[in-house]
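Residue numbers (this note's numbering): 616 to 679.
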């Protein structure tokens, strides 16, 4: 199979995509997204949910 040259990507687009995935690389942010996947929750509800799990930080310890 012949290799084709990949199209040139706009550097600004690459920066935006990199920034997007950088945000998702923080575990605590992914935990918040996982909580919100099941529906809307306020901060207190998320904190109570995470208090039952010993291996996850409380929301007050998370820097967003």
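Virtual Cβ for every residue (Gly too), placed ideally from N, Cα, C.
In this structure, the alpha-carbon of residue 661 lies about 48 Å from that of residue 619.
In the three-state reduction of the DSSP assignment, residue 641 falls in the coil class, being assigned neither a helical nor a strand state. Secondary structure note for residue 661: its alpha helix (DSSP H) is the uninterrupted segment 658 to 666.
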